[in-house]
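Asks: Take this structure first; my questions come after.
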Amino acid sequence: YLLIGFWFERKSANDAGKKAFIVNRIGDFGFLIGIFTMFGYLGTVQFSEVFATAGSTLSVGVATAIALLLFLGACGKSAQFPLYVWLPDAMEGPTPVSALIHAATMVTAG
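For the sequence shown, the residue numbers in this note's numbering are 134 to 243.
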């Protein structure tokens, strides 16, 4: 966020940095709520225990909510729909910063 807003004298760079920060926090919030919900219903976040107990413990609605919240977190970090809106504005930063952000996003997205 600081690298996107590197040229802080420009309003567009400041706005782009703020947008990137806010959109990424939305993804983080969704991921955390998903983890907390999983822990609240299952008492664990270890994959082996979650997969062993989720089928008999969770209702379809709760399992869907947890999956969607975790997916929201992944979308936020990899700039996927609907949380991609910050990525085009990230071009406000210096060229090496833009290259770094896009390379990291593509590696994360697969």
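Glycine included, each C-beta is placed from N, C-alpha and C at the ideal position.
Out of curiosity, what's the CA-to-CA distance linking residue 196 and residue 187?
Replies: 8 Å
Asks: Report the option in 218, 234, 175 and 206 whose CA atom is closest to the CA atom of residue 192.
Replies: In terms of Cα proximity to residue 192, the closest of 218, 234, 175 and 206 is 175.
Asks: Suppose you measure from the CA of residue 150 to the CA of residue 158; what does that come to, to the nearest Å?
Replies: 12 Å
Asks: Roughly how far, in whole angstroms, is the beta-carbon of residue 164 from the beta-carbon of residue 202, given that I think they are within contact range, below 8 Å?
Replies: In this structure residue 164 touches residue 202 by the C-beta definition: roughly 7 Å separates them, less than 8 Å.
Asks: How many whole angstroms separate the CB atoms of residue 160 and residue 216, which I take to be in contact at a CB cut-off of 8 Å?
Replies: That belief holds up - the Cβ atoms of residue 160 and residue 216 are roughly 5 Å apart, short of 8 Å.
Asks: Where do the N-terminal and C-terminal ends of the alpha helix (DSSP H) with residue 202 fall, by residue?
Replies: 193-211
Asks: Residue 167: buried (16+ other C-beta within 10 angstroms of its C-beta) or exposed?
Replies: buried
Asks: Taking just the CA atoms, how far does residue 200 sit from residue 235?
Replies: 26 Å
Asks: I'd like the list of long-range same chain contacts for residue 224, defined as Cβ closer than 7 Å, with 5 residues on each side in sequence excluded.
Replies: 231
Asks: Would you mind working out which of 179, 155 and 170 sits nearest residue 212, comparing C-alpha positions?
Replies: 155
Asks: Rounded to whole angstroms, what is the Cα-Cα separation between residue 226 and residue 206?
Replies: 24 Å
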